[in-house]
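Inspection log for the structure reproduced underneath, given as structure tokens.
In the numbering used here, the protein residues as written are 1 to 138.
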């Protein structure tokens, strides 16, 4: 696996900005008594049937973007100061085996996870969310 930096990770209540130059898979960081080990990778994850690799510090949205899969989004920008809260729900994806859709900007990948971005259910939910958001605008 390529070294994947963990950008904008939130650990506890301390938000940290991490770039490719400062932290990569294989590094360990310590923050006020908490240890995060970035040696682990998620190797058996799939997005729309395509096997992908991910770092546990990434979100599904970040993994998808890195592998060329577009997921619509509103609250997440790759800029300092923007944090993915998952409140807008514009980036909802279907995760196999789960009853409810999940915001990809907030959800972390796990081993064996199968994510469906282009499923009819996920696309219909994203369309409905956008309609509701636009209807609420002046």
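Cβ coordinates follow ideal geometry from the N, Cα and C atoms, glycine included. A quick note: this is a predicted structure, and the numbers were derived from the prediction, not measured.
Which same chain residues end up closer than 7 Å to residue i when comparing Cβ atoms and leaving out the 5 residues on each side of it in sequence?
i          : result
residue 48 : 69, 116, 117 and 118
Just to confirm before moving on: does the CB-CB distance between residue i and residue j stay below 9 Å?
i           : j           : result
residue 57  : residue 108 : yes
residue 105 : residue 41  : no
residue 84  : residue 103 : yes
residue 94  : residue 121 : yes
Out of the options, which one is the CA nearest neighbour of residue i?
i           : options               : result
residue 131 : 101, 102 and 90       : 90
residue 124 : 101, 112, 135 and 114 : 101
residue 50  : 114, 134, 127 and 97  : 114
DSSP state of residue i, grouped into three classes?
i           : result
residue 54  : strand
residue 63  : helix
residue 113 : coil
residue 134 : helix
So, for residue i: in the same chain, excluding its five sequence neighbours on each side, which residues have a beta-carbon less than 6 Å away from its beta-carbon?
i           : result
residue 88  : 74 and 75
residue 129 : 89 and 90
Under 8 Å Cβ to Cβ from residue i, same chain only, skipping five residues before and after it: list those, please.
i          : result
residue 45 : 51, 52, 53, 54, 63, 109, 110, 111, 112, 113, 114 and 115
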